[in-house]
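Undergrad: Those protein sequence lines, which keep their order, are chains S and D.
Counting with the UniProt record's numbering, you get residues 1 to 333 for the letters of the first sequence.
Counting with the UniProt record's numbering, you get residues 1 to 333 for the letters of the second sequence.
C-beta atoms are modelled at their ideal positions from N, C-alpha and C, and glycine is treated no differently.
All values derive from a computational prediction rather than experimental measurement.
Quick one: structure below, then a few questions.
There are 2 protein chains.
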Amino acid sequence: MAQRATLNSVAEAAAVSRQTVSNVINSPELVSPDTRERVLEAIDRLGYRPSTAARQLRTARSQIIGLRIAPVGNGVSGVVLDQFLHSLTATAEEYDHRIMLFTAADDEAETRAYADLIASVGVDGFVLTHTHHDDLRTRWLKERELPFVTFGRPWGAENTHGWVDVDGARGTRLATEHLARQGHRRIAFVGWPAGSETGDDRRAGWEAGLAAAGLADRPQIPVFDGVEGGRSAAARLLDEPVAPTAFVCASDSLALGVVGELRERGLRPGADASVIGFDDTPTAAVLGLSSVAQPIAEVAAECVRQLRATLRGTAGAEPTSTLLAPRLVLRTT
Amino acid sequence: MAQRATLNSVAEAAAVSRQTVSNVINSPELVSPDTRERVLEAIDRLGYRPSTAARQLRTARSQIIGLRIAPVGNGVSGVVLDQFLHSLTATAEEYDHRIMLFTAADDEAETRAYADLIASVGVDGFVLTHTHHDDLRTRWLKERELPFVTFGRPWGAENTHGWVDVDGARGTRLATEHLARQGHRRIAFVGWPAGSETGDDRRAGWEAGLAAAGLADRPQIPVFDGVEGGRSAAARLLDEPVAPTAFVCASDSLALGVVGELRERGLRPGADASVIGFDDTPTAAVLGLSSVAQPIAEVAAECVRQLRATLRGTAGAEPTSTLLAPRLVLRTT
């Protein structure tokens, strides 16, 4: 391994004491301009970097952010978290922070992992995903006054922590209004059973879109996520006395099922009936499925910015809430 | 924050010196059994963990493994790396190691990131993905004798570092032989233009499968990856005087294109013509596409095991090479 520059080698090269080098780094105003110049030149020439381990012991800051990586599901939406991970890492790097991954089987295991990461690695803070009603993770972190931010609003809980989320209802409303403008009068919703925060939110947006367009018909069949769910919901909706001519779906997987059922019946998606999915997965792009896209890179960047403000103590007294708007990506369906 | 147990509080609780506690942790043979027992009990009761920062300064080991996270591509295969990331993190945790992510625009930027992560965080070693001919990253790491392992063999280069890979040629050969056993006599390959290591390897497996089945016809149209590429290759192959009845594809994206073109022509995938993709993406599972599955969890676990052996100095004199077998997942196409 190449010889690593140390405080000692810099001090020697600049003909100053170790304390002076340390001062140039931590309290430059204590050092005369000439000496500062000489030390900075030596730091530069030797490629010296104060090691994080040493800095951590001094400042109790590791510059490390913890993130639980969820197991890959069966759907096609995993890649949304993939994008999130990449953007999070890139933005953290801009602020000289790093993302450290961990796994956990459930929320309680996640809190145990927090404790472990703080004690062993000295992680500074956490980014949480998949927030939900009665989330013991945010409670655990709040009680201990640990810095964190969530991708996902504090569903049902008080607004006591910083969060970033995407306005899902706005996405399904955009989709519904677009379909109504195209002349569709019977626009169905294919979504999850009531009780999931994200699913209820997306259903509410569809209802708001119908109301805004003055449409009273509300055809919907709640199903669990997946292509088969979408297919069976579409089959039942298409068998109704007056079949819908458009489908707003809570996910791309559901939408793919609807498209499959339409084709099965000889109906051309995009011509005989319209379908709009949610999440704008690569699968949607690849198969020409219209979809609602979440601004994932912005969510990630905003998470890092909020957490960074908390860590620096520059966050306001009130926790910051950021609700970002999704956009409609129209393709062939 | 809960009061964190320290070397001091353990020493006090066990009524011994700080040095004795340190000895119990680092050189237990120096401590009498009775005292050792008492200190271990105090460590356990107080939940004391030697902090990584302190341990790192002492042992120059951070227990942190660096991994570059690649930007999300346009295809549907991103999720394969997602699975890799999760398995890597989970296996690293079993060995008390952590995965730290970083981004880099290209190979040279990746080597600069190595230098930065070693200097600033003290990362112990790296897992590299996407190895290729004349890979400057592995050369850079070898020259500095830094610990690393690659997911991907050292294409064309000498076998001077540890690697784990999946035998892609075996996968396409399995697919080809399966199709030949089903009675197909004209089995096409839809893959990438010559010159990509992975693509050439998969093409070679198809050729070996044809040879083993005694089939002389080698219909193929090289195309760039993507559904459109698969569609246009299938169109040209189906327009040939004797059209293929089966398609072995270098990716699921290409296979989805082939399936689309078959449907466009009123041919039923799985009945009128067979299609097998590569990577067993969630999209393949969701759409019923047969595919070659890589044992990603095993690849990740083996990467961690090899790197761990290198870090502990228990690796053999010769670098370890592990080539894992893929398996064929048959669905409806």
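Verify the CB distance criterion: does residue 106 (chain D) have a CB-CB separation below 7 Å to chain S?
TA: Translated into the one-based positions of the second sequence, residue 106 (chain D) becomes position 106. False, the Cβ-Cβ gap to chain S never drops below 7 Å.
Undergrad: Residue range of the alpha helix (DSSP H) that residue 44 (chain D) falls in?
TA: For the purposes of this step, residue 44 (chain D) is taken as the residue at position 44 of the second sequence. Looking at the DSSP string, the run of the alpha helix (DSSP H) that includes residue 44 (chain D) is 33–46.
Undergrad: How about residue 283 (chain S): is its C-beta nearer than 7 Å to some C-beta of chain D?
TA: Numbered from its first residue, the first sequence carries residue 283 (chain S) at position 283. Yes, its Cβ sits closer than 7 Å to a Cβ of chain D.
Undergrad: In whole angstroms, give me the CA-to-CA distance for residue 31 (chain D) and residue 122 (chain S).
TA: As a first step, residue 31 (chain D) must be located in the second sequence, where it is residue number 31. As a first step, residue 122 (chain S) must be located in the first sequence, where it is residue number 122. Distance between the alpha carbons of residue 31 (chain D) and residue 122 (chain S) is about 29 Å.
Undergrad: Is it true that the CB of residue 187 (chain D) sits closer than 7 Å to the CB of residue 246 (chain D)?
TA: Indexing the second sequence from 1 puts residue 246 (chain D) at position 246. Indexing the second sequence from 1 puts residue 187 (chain D) at position 187. Between residue 246 (chain D) and residue 187 (chain D), the C-beta gap is smaller than 7 Å, which places the two residues in contact.
Undergrad: Identify, in the order they occur along the chain, each residue of the same chain with its Cβ nearer than 7 Å to the Cβ of residue 189 (chain S), setting aside the five sequence neighbours on each side.
TA: To locate residue 189 (chain S), count along the first sequence from 1; it is residue 189. The residues are 203, 206, 220 and 248.
Undergrad: Should residue 86 (chain D) be flagged as near chain S, meaning a C-beta pair shorter than 7 Å?
TA: In the second sequence, counting from the first residue as 1, residue 86 (chain D) sits at position 86. Closer than 7 Å: yes.
Undergrad: Starting from residue 269 (chain S), follow its DSSP beta bridges and name the residues at the other end.
TA: Taking the first sequence and counting its residues from 1, one reaches residue 269 (chain S) at position 269. Paired residue(s): S:273.
Undergrad: Please classify residue 86 (chain D) as buried or exposed, where buried requires at least 16 other C-beta atoms within 10 Å of its C-beta.
TA: Here residue 86 (chain D) is taken as the residue at index 86 of the second sequence, counted from 1. Buried, by the Cβ-count rule.
Undergrad: Quick check on residue 243 (chain D) - is its C-beta less than 7 Å from some C-beta in chain S?
TA: Indexing the second sequence from 1 puts residue 243 (chain D) at position 243. So no, residue 243 (chain D) is outside the interface.
Undergrad: So, residue 250 (chain D) versus residue 199 (chain D), is the Cβ gap smaller than 7 Å?
TA: Along the second sequence, read from residue 1 onward, the residue named residue 250 (chain D) stands at position 250. Along the second sequence, read from residue 1 onward, the residue named residue 199 (chain D) stands at position 199. For residue 250 (chain D) and residue 199 (chain D), yes; Cβs fall inside 7 Å.
Undergrad: Considering only their Cβ atoms, is the gap separating residue 130 (chain S) from residue 155 (chain S) smaller than 7 Å?
TA: To locate residue 155 (chain S), count along the first sequence from 1; it is residue 155. To locate residue 130 (chain S), count along the first sequence from 1; it is residue 130. Result no, Cβ atoms of residue 155 (chain S) and residue 130 (chain S) do not sit closer than 7 Å.
Undergrad: The alpha helix (DSSP H) spanning residue 16 (chain D) covers which residue range?
TA: To locate residue 16 (chain D), count along the second sequence from 1; it is residue 16. Boundaries cannot be given for residue 16 (chain D), as no alpha helix (DSSP H) includes it and DSSP labels it neither H nor E.
Undergrad: Output yes if chain S places a C-beta closer than 7 Å to the C-beta of residue 8 (chain D); else output no.
TA: In the second sequence, residue 8 (chain D) corresponds to position 8, counting from 1. Judged by the 7 Å Cβ criterion, residue 8 (chain D) is not in contact with chain S.
Undergrad: Does any CB atom of chain S fall closer than 7 Å to the CB of residue 153 (chain D)?
TA: Stepping through the second sequence from its first residue, residue 153 (chain D) is reached at position 153. Answer no: the Cβ-Cβ gap between residue 153 (chain D) and chain S never drops below 7 Å.
Undergrad: Between the C-alpha atoms of residue 1 (chain S) and residue 108 (chain S), what's the straight-line distance to the nearest angstrom?
TA: Along the first sequence, one-based indexing puts residue 1 (chain S) at 1. Along the first sequence, one-based indexing puts residue 108 (chain S) at 108. Residue confidence is low: residue 1 (chain S) scores 38 on pLDDT, short of 50, so the model does not pin down where it sits. Its coordinate-derived value is still stated next. Looking at the two C-alpha atoms, the distance is approximately 42 Å.
Undergrad: Who are residue 322 (chain S)'s beta bridge partners in DSSP?
TA: The sequence position of residue 322 (chain S) within the first sequence is 322, counting from 1. Residue 322 (chain S) is bridged to S:164.
Undergrad: Taking three-plus beta-carbon pairs below 8 Å as touching, is the region 293–309 of chain D in contact with the region 81–99 of chain D?
TA: yes
Undergrad: Tell me whether the region 140–154 of chain D and the region 222–238 of chain D touch, counting them as touching only if at least three CB pairs, one residue from each stretch, are closer than 8 Å.
TA: no
Undergrad: Could you name the residues of the same chain whose beta carbon sits closer than 6 Å to that of residue 260 (chain S), not counting the 5 residues immediately before and after it, in chain order?
TA: As a position in the first sequence, residue 260 (chain S) is number 260, starting the count at 1. The answer, listed in chain order, is 231.
Undergrad: Interface residues of chain D around residue 71 (chain S) at Cβ under 8 Å?
TA: As a first step, residue 71 (chain S) must be located in the first sequence, where it is residue number 71. The answer, in chain order, is 86.
Undergrad: Could you list the residues in the region 89–105 of chain S with a C-beta less than 9 Å from some C-beta on chain D, going in chain order?
TA: 89, 90, 92, 93, 96, 98, 99, 100, 101, 102 and 103
Undergrad: Identify each residue in the region 244–261 of chain D for which the Cβ-Cβ distance to at least one residue of chain S is less than 9 Å, and report them in chain order.
TA: 253, 256, 257 and 260
Undergrad: At least one CB of chain S closer than 7 Å to the CB of residue 49 (chain D): is that the case?
TA: Within the second sequence, numbered from 1, the residue matching residue 49 (chain D) stands at position 49. Output row for residue 49 (chain D): interface = yes.
Undergrad: Pick out whichever of S:271, S:40, S:137 and S:222 has its Cα sitting closest to the Cα of residue 157 (chain S).
TA: Numbered from 1 along the first sequence, position 157 holds the residue referred to as residue 157 (chain S). The option with the nearest alpha carbon to residue 157 (chain S) is S:137.
Undergrad: Which chain D residues are close to residue 4 (chain S), counting only those with a beta carbon under 7 Å from its beta carbon?
TA: Start at 1 with the first residue of the first sequence, and residue 4 (chain S) comes out as number 4. What residue 4 (chain S) touches in chain D: 119.
Undergrad: Kindly indicate which three-state DSSP category residue 224 (chain S) falls into: helix, strand or coil?
TA: Position 224 of the first sequence, counted from the first residue, corresponds to residue 224 (chain S). In the three-state scheme derived from DSSP, where H, G and I count as helix and E and B as strand, residue 224 (chain S) is classed as coil.
Undergrad: Excluding five sequence neighbours on each side, which residues of the same chain lie with their C-beta closer than 6 Å to the C-beta of residue 290 (chain S)?
TA: Locating residue 290 (chain S) in the first sequence gives position 290, where the first residue counts as 1. The answer, listed in chain order, is 276, 330, 331 and 333.
Undergrad: Let me make sure I understand the geometry here. Which of D:242, D:38, D:196 and D:314 has the alpha-carbon closest to that of residue 184 (chain D)?
TA: Taking the first residue of the second sequence as 1, we reach residue 184 (chain D) at position 184. With distances taken between Cα atoms, residue 184 (chain D) lies closest to D:242.
Undergrad: Exposed or buried, what is residue 33 (chain D) when buried is set at 16 or more other beta-carbons lying within 10 Å of its beta-carbon?
TA: In the second sequence, residue 33 (chain D) corresponds to position 33, counting from 1. Residue environment: residue 33 (chain D) is assigned as exposed (fewer than 16 neighbouring CB atoms within 10 Å of its CB, all protein chains considered).
Undergrad: To which residues of the same chain is residue 269 (chain S) closer than 6 Å at the C-beta, ignoring the five residues directly before and after it?
TA: Taking the first sequence and counting its residues from 1, the one referred to as residue 269 (chain S) is at position 269. Excluding residues up to 5 positions away in sequence, 259, 262, 275 and 333 lie with their Cβ nearer than 6 Å to the Cβ of residue 269 (chain S) in the same chain.
Undergrad: Would the beta-carbon of residue 311 (chain D) fall within 7 Å of that of residue 152 (chain D)?
TA: As a working note, residue 311 (chain D) is residue 311 in the second sequence. As a working note, residue 152 (chain D) is residue 152 in the second sequence. Contact: no.
Undergrad: Does DSSP put residue 118 (chain S) in a helix, a strand or coil?
TA: Taking the first residue of the first sequence as 1, we reach residue 118 (chain S) at position 118. DSSP places residue 118 (chain S) in helix when its eight states are reduced to three.
Undergrad: Against chain D, which members of the region 214–235 of chain S pass a CB distance test of less than 8 Å?
TA: 226 and 227
Undergrad: Hey, how far is the Cα of residue 19 (chain S) from the Cα of residue 81 (chain S)?
TA: As a working note, residue 19 (chain S) is residue 19 in the first sequence. As a working note, residue 81 (chain S) is residue 81 in the first sequence. For residue 19 (chain S) and residue 81 (chain S), the distance between alpha carbons rounds to 45 Å.
Undergrad: Can you find a heavy atom of the ligand COA that lies under 6 Å from the Cβ of residue 301 (chain D)?
TA: The ligand COA is not among the ligands present in this structure, which contains no ligands whatsoever.
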